[in-house]
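**Student:** One gets this note's numbering by counting positions in the sequence shown from 1 and adding 505 to each. Sending over a structure as structure tokens; questions will come in a sec.
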Amino acid sequence: MNIEAILEQNSFTQQDIAALISVTDPRLCEKIRARAESILLERCGDIVWRRGLIEFSNVCARNCYYCGIRRAHKTVRRYTMTCEEIVEQATWCASQGYGSLVLQSGERQDSSFIDLVERCVRTIKERTRSALLPRGLGITLCIGEQSRQTYQRLFDAGAHRYLLRIESSSPHLFAAWHPSEQKLESRIACLKTLKAIGYQVGTGVMIGVPGQTVADLAADILFFRDMDIDMIGMGPYIVHPRTPFAHHAGQMAQNRQAVFERSLTMIAVTRIVLRDVNIAATTALQTMDPTGREQGLRHGANVVMPQLTPADHRADYLLYEGKPCLDETAQQCKGCLEARIAAAGRRTGCDDWGDANHFFARQSLKQ
Ligand code: 5AD
């Protein structure tokens, strides 16, 4: 298929998308990248939004085969930050002009955990209102599958965005990556519930897991489109040696560069197909290459998530091997990221939630 002709189109079939994702010729990769960047600048502008990331607990009731904090991994030192610690990081984040925060953790449904999250959300909203941020920090939650009541409670407490990765939209891959107690349909139902409640909803997939094909990734992008998703967070799969997927290590080591490049292409193609969503340049990208996040920004991403997890907990939140910045303070991460955003030729957003234009577009269609 003629890649240059596909790039001129405004709508795309699964075959078109698969053809774009398969490109490896550097000249054509650059065309795809440049198209993604120009759509980004036209539809979203040149601002990169920061969301301070607090990985506030690594306690997890799930057992995903790829993840380093799965419940069966017994040597992980489990921690849960207190409400006071979390709020302290959040107020620092507001004072630095970040505008938004992501509260991420392992998945738990018990009431003491949900009570903690609700208390944190309410307290953060109260304590971070200021002349610059009259509505307080924007809060995104990333705490997995929960009941409708829980999602509603946390929305009422003041969280307004929610990230729940689908990991893969292929029923066959989802089943191969998770124990049978986890169901793709249940994740999809959660995404629909979150949207019905009024959250801005983010999802995403892992890229490069052995067995995943270009057709699967193309279907993932169509899934984002058909679910009318506002935000995307996706990145390369990276082996964690103490998981059931550790046997992929040899193959992943051989394919490292290809998986990194495919992740960048996925960001670019997602930007080309979805246009006005927010897309994050994820930590996993930077794990694979020290300039991974800048490269993500240059391929159409417009969100970064600087680490606010206190340094003494970072080494215990290892979803995969080789996570960067384990010994950096939140202050160091801030300076480093600002430099990376400037290096990508972009401006840093301040004191604003930085919601996705896609959300406003779908709201105005509803009225
Ligand atoms: N490699 C890359 N990403 C991973 N995640 C979990 N384990 C890994 C891994 N080994 C991602 C999942 C999850 C997010 C919080 O981290 O996509 O949704």
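Yeah, the Cβ is synthetic: ideal placement off N, Cα and C, and Gly gets one too. Computed from a predicted structure; not experimentally measured.
#1: Is any non-hydrogen atom of ligand 1 found closer than 8 Å to the C-beta of residue 864, if you look at the structure I gave you?
#2: Give, in chain order, every unbroken run of the beta strand (DSSP E) that is at least 3 residues long and sits entirely within the region 617-662.
#3: Counting beta carbon pairs with one atom in the region 727-736 and one in the region 757-773, are three or more of them shorter than 8 Å?
#4: Just to confirm, are residue 582 and residue 856 a CB contact at a threshold of 9 Å?
#5: Quick one: which unbroken beta strand (DSSP E) runs of 3-plus residues sit fully inside the region 684-757? Chain order, please.
#6: Determine which residues share a DSSP beta bridge with residue 585 and list them.
#7: With distance defined between alpha-carbon atoms, name the residue in 651, 657, 556 nearest to residue 567.
#8: Quick one: is the Cβ of residue 750 within less than 8 Å of any heavy atom of ligand 1?
#9: With a threshold of 8 Å, establish whether the CB of residue 789 neighbours any heavy atom of ligand 3.
#10: Here's the rule: buried if 16 or more other CB atoms are within 10 angstroms of the residue's CB, otherwise exposed. What is residue 701?
#11: Near residue 854, which residues of its chain fall below 6 Å by C-beta distance, leaving aside the five closest residues on each side in sequence?
#12: For ligand 1, any of its heavy atoms closer than 8 Å to the Cβ of residue 824?
#13: Flag residue 647 as yes when its Cβ comes closer than 8 Å to any non-hydrogen atom of ligand 1, and as no otherwise.
#14: For residue 546, which of helix, strand or coil comes out of DSSP?
#15: Measure the alpha-carbon distance for residue 800 versus residue 683 and round it to whole angstroms.
#16: How close, in whole Å, do the beta carbons of residue 695 and residue 669 come, if the pair is a contact with beta carbons under 8 Å?
#17: Count the other CB atoms, across all protein chains shown, that sit within 10 Å of the CB of residue 751; report buried if there are 16 or more and exposed otherwise.
#18: Can you give the Cα-Cα distance for residue 556 and residue 865, rounded to whole angstroms?
#19: Do the region 561-576 and the region 598-616 meet, that is, are 3 or more Cβ pairs less than 8 Å apart?
#20: Cβ atoms of residue 561 and residue 770: under 9 Å apart, would you say?
#21: Given the structure, does residue 808 come close to ligand 1, in the sense that its CB is under 8 Å from one of the ligand's heavy atoms?
#22: Helix or strand or just coil, what does DSSP make of residue 595?
#23: Does DSSP classify residue 862 as helix, strand or coil?
#24: Curious, which full-length alpha helix (DSSP H) runs of at least 4 residues does the region 819-849 contain?
#25: Give me the Cα-Cα distance between residue 548 and residue 747, rounded to the nearest whole angstrom.
#26: For residue 874, which of 808, 777, 809, 785 has the nearest alpha-carbon?
#27: Between 773, 772, 645, which lies nearest to residue 625 when the distance is taken from Cα to Cα?
#28: Check whether the Cβ of residue 683 lies closer than 8 Å to any heavy atom of ligand 1, and answer yes or no.
#29: Note down the Cα distance separating residue 741 from residue 675, rounded to an integer number of angstroms.
#30: Just to check my reading of the structure: residue 629 and residue 638 have Cβ atoms closer than 8 Å, yes? What is that Cβ distance to the nearest angstrom?
#31: Taking 8 Å as the limit between beta carbons, can you name the residues of its chain near residue 802, skipping five residues before and five after?
#32: Give the list of continuous alpha helix (DSSP H) stretches no shorter than 4 residues that lie fully inside the region 771-796.
#33: Please confirm whether residue 861 and residue 731 have their CB atoms less than 9 Å apart.
**Tutor:** Well, looking at it:
#1: Your numbering for residue 864 matches position 359 in the sequence shown. No, the beta carbon of residue 864 sits no closer than 8 Å to any heavy atom of ligand 1.
#2: 643-647
#3: no
#4: Within the sequence shown, residue 582 is the residue found at index 77, counting from 1. Within the sequence shown, residue 856 is the residue found at index 351, counting from 1. The answer is no: Cβ separation not under 9 Å.
#5: 705-708, 736-741
#6: Residue 585 sits at position 80 when you count from the first residue of the sequence shown. Residue 585 is bridged to 562.
#7: Numbered from 1 along the sequence shown, position 62 holds the residue referred to as residue 567. The candidate whose alpha carbon is nearest that of residue 567 is 651.
#8: For this step, residue 750 is matched to residue 245 along the sequence shown. Residue 750: yes, Cβ under 8 Å from ligand 1.
#9: Judged by which ligands are present, ligand 3 is missing from the structure shown, whose ligands are ligand 1.
#10: As a working note, residue 701 is residue 196 in the sequence shown. It is exposed - the Cβ of residue 701 has fewer than 16 other Cβ atoms within 10 Å.
#11: Here residue 854 refers to the residue found at position 349 of the sequence shown. Excluding residues within five positions, the ones whose Cβ falls inside 6 Å are 552, 554.
#12: As a working mapping, residue 824 is identified with position 319 in the sequence shown. The answer is yes for residue 824.
#13: The sequence position of residue 647 within the sequence shown is 142, counting from 1. Indeed, a heavy atom of ligand 1 lies less than 8 Å from the Cβ.
#14: Working through the sequence shown from its first residue, we reach residue 546 at position 41. In this structure, residue 546 counts as helix in the three-state DSSP scheme.
#15: In the sequence shown, counting from the first residue as 1, residue 800 sits at position 295. In the sequence shown, counting from the first residue as 1, residue 683 sits at position 178. Rounded to the nearest angstrom, the two C-alpha atoms are 30 Å apart.
#16: Within the sequence shown, numbered from 1, the residue matching residue 695 stands at position 190. Within the sequence shown, numbered from 1, the residue matching residue 669 stands at position 164. Rounded, the Cβ-Cβ distance is 6 Å, consistent with contact.
#17: Walking along the sequence shown from the start, residue 751 turns up at place 246. With fewer than 16 Cβ atoms within 10 Å of its Cβ, residue 751 is classed as exposed.
#18: Position 51 of the sequence shown, counted from the start, is the residue given in the question as residue 556. Position 360 of the sequence shown, counted from the start, is the residue given in the question as residue 865. Computed Cα separation, rounded: 19 Å.
#19: yes
#20: By one-based count along the sequence shown, residue 770 stands at place 265. By one-based count along the sequence shown, residue 561 stands at place 56. Not a contact, by the Cβ cut-off of 9 Å.
#21: Reading the sequence shown from its first residue, position 303 is the one you call residue 808. False, no ligand heavy atom lies under 8 Å from that Cβ.
#22: Translated into the one-based positions of the sequence shown, residue 595 becomes position 90. Residue 595: helix per DSSP, three-state reduction.
#23: To locate residue 862, count along the sequence shown from 1; it is residue 357. If DSSP states are grouped into helix, strand and coil, residue 862 belongs with the helices.
#24: 835-848
#25: Taking the sequence shown and counting its residues from 1, the one referred to as residue 548 is at position 43. Taking the sequence shown and counting its residues from 1, the one referred to as residue 747 is at position 242. In a straight line, the C-alpha of residue 548 is about 42 Å away from that of residue 747.
#26: Here the chain has residues from 506 to 872 only, and residue 874 is not among them.
#27: In the sequence shown, the residue the question calls residue 625 occupies position 120. Checked all of 773, 772, 645; the closest Cα to residue 625 is 645.
#28: In the sequence shown, residue 683 corresponds to position 178, counting from 1. No, the Cβ of residue 683 stays beyond 8 Å of every heavy atom of ligand 1.
#29: Position 236 of the sequence shown, counting from 1, holds the residue named residue 741. Position 170 of the sequence shown, counting from 1, holds the residue named residue 675. Approximately 17 Å, taken between the alpha carbons.
#30: Here residue 629 refers to the residue found at position 124 when the sequence shown is read from its first residue. Here residue 638 refers to the residue found at position 133 when the sequence shown is read from its first residue. Their Cβ separation, rounded to whole angstroms, is 11 Å, which puts residue 629 and residue 638 out of contact at 8 Å.
#31: Taking the sequence shown and counting its residues from 1, one reaches residue 802 at position 297. Once the five neighbours on either side are set aside, the close Cβ partners of residue 802 are 553, 786, 809, 845, 846, 849, 851.
#32: 788-793
#33: Walking along the sequence shown from the start, residue 861 turns up at place 356. Walking along the sequence shown from the start, residue 731 turns up at place 226. Their beta carbons are not under 9 Å apart, which means residue 861 does not touch residue 731 by this criterion.
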